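Enquirer: First, the structure itself, so that you have it in front of you.
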Amino acid sequence: MQDVIDCFVNCDNKISSSIFTFSSNEVLEFLRKPLENIGFKVEKGKSKKSKIHVPVLFGLNNQIDKSFNADAVSADGKIVIEVEAGRAVANNQFLKDIFQASMMFQVEYLIIAVRNEYRGSDDFSKIYAFLETLYISNRMELPIKGILLIGY
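Residues in the sequence shown are numbered from 295 upward in steps of one, following this note's numbering.
This is how it looks when you write it as structure tokens:
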């Protein structure tokens, strides 16, 4: 996890939302090489072949019946990274990320990277408060070991 955090810290001068308004794909492009250097497979584009499919449901003969896409996944398949830009809070994309990671086969940790600033809103703080409430209330138990929230 620290290696992933270091990737974001080392790219901060290129992706900081206080300076730039990049899309999530553009941010992911800056992070591609650093993440690949620490063993992550990173989405290369929006075509079906370029996406990273993480299994969710298996059918006959162990064939994958359902999968969800991830922006990046660790070599062992236990860590999934989702990089969000404008839709993180406005469209509740972070909730969809949590749901999908919870359904993904063998995924233990989710890393959600969100903008610190988006149209005058602090998306990081809003999601942080939500996650803190989720964990402190102890009313919902997720099938993943943890969620790391990164603000950029």
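Just so you know, even glycine gets a beta-carbon here, dropped at the ideal spot from N, CA and C.
Nothing here was measured: the structure is a model prediction, and the numbers come from that model.
1) Pull up the CB-CB distance for residue 360 and residue 350, whole angstroms please, since I reckon it's below 8 Å.
2) What is the rounded straight-line gap between the Cα of residue 317 and the Cα of residue 380?
3) Below 8 Å, how does it come out for the region 394-404 and the region 333-343: are there three or more Cβ pairs, yes or no?
4) Return yes when the Cβ of residue 367 is within less than 7 Å of the Cβ of residue 346, no when it is not.
5) To the nearest angstrom, report how far apart residue 386 and residue 416 are at their CA atoms.
6) Return the residue from the list 315, 312, 319, 327 that minimises the CA-CA distance to residue 304.
7) Are residue 405 and residue 391 close, meaning C-beta to C-beta below 7 Å?
8) List, from N- to C-terminal side, the alpha helix (DSSP H) runs of 4 residues or more that fit wholly inside the region 317-396.
9) Using the Cβ count rule (16 or more neighbours within 10 Å means buried), how would you classify residue 365?
10) Determine which residues share a DSSP beta bridge with residue 440 and list them.
11) I'd like the span of the alpha helix (DSSP H) that includes residue 422, first residue to last.
12) What are the residues that DSSP puts in a beta bridge with residue 412?
13) Just to confirm my understanding: we take residue 444, look at its own chain, exclude 5 residues before and 5 after, and list those with CB closer than 6 Å. What are they?
14) Kindly give me the distance between the Cβ atoms of residue 401 and residue 348, rounded to whole angstroms, as I take these residues to be in contact under 8 Å.
Expert: In short, the structure shows the following:
1) To locate residue 360, count along the sequence shown from 1; it is residue 66. To locate residue 350, count along the sequence shown from 1; it is residue 56. Right, the Cβ-Cβ distance comes to about 4 Å (below 8 Å), so this counts as a contact.
2) Here residue 317 corresponds to residue number 23 of the sequence shown, with the count starting at 1. Here residue 380 corresponds to residue number 86 of the sequence shown, with the count starting at 1. Taking the straight line joining both Cα atoms gives about 8 Å.
3) no
4) Counting from 1 along the sequence shown, the entry for residue 346 is found at position 52. Counting from 1 along the sequence shown, the entry for residue 367 is found at position 73. Yes; because the gap between Cβ atoms is below 7 Å, this pair is in contact.
5) Taking the sequence shown and counting its residues from 1, the one referred to as residue 386 is at position 92. Taking the sequence shown and counting its residues from 1, the one referred to as residue 416 is at position 122. Looking at the two C-alpha atoms, the distance is approximately 14 Å.
6) Here the question's residue 304 lines up with position 10 in the sequence shown. Among 315, 312, 319, 327, the Cα nearest to that of residue 304 belongs to 327.
7) In the sequence shown, counting from the first residue as 1, residue 405 sits at position 111. In the sequence shown, counting from the first residue as 1, residue 391 sits at position 97. No. Outside cutoff.
8) 318-331, 381-384
9) Numbered from 1 along the sequence shown, position 71 holds the residue referred to as residue 365. It is buried - the Cβ of residue 365 has at least 16 other Cβ atoms within 10 Å.
10) The residue given as residue 440 occupies position 146 in the sequence shown. Paired residues: 403.
11) As a first step, residue 422 must be located in the sequence shown, where it is residue number 128. Residues 417-431.
12) Start at 1 with the first residue of the sequence shown, and residue 412 comes out as number 118. For residue 412, which the question treats as bridged, DSSP gives the partners 415.
13) Taking the sequence shown and counting its residues from 1, the one referred to as residue 444 is at position 150. So the qualifying residues of the chain are 302, 407.
14) Numbered from 1 along the sequence shown, position 107 holds the residue referred to as residue 401. Numbered from 1 along the sequence shown, position 54 holds the residue referred to as residue 348. Indeed they touch by this definition, with Cβ atoms about 7 Å apart.
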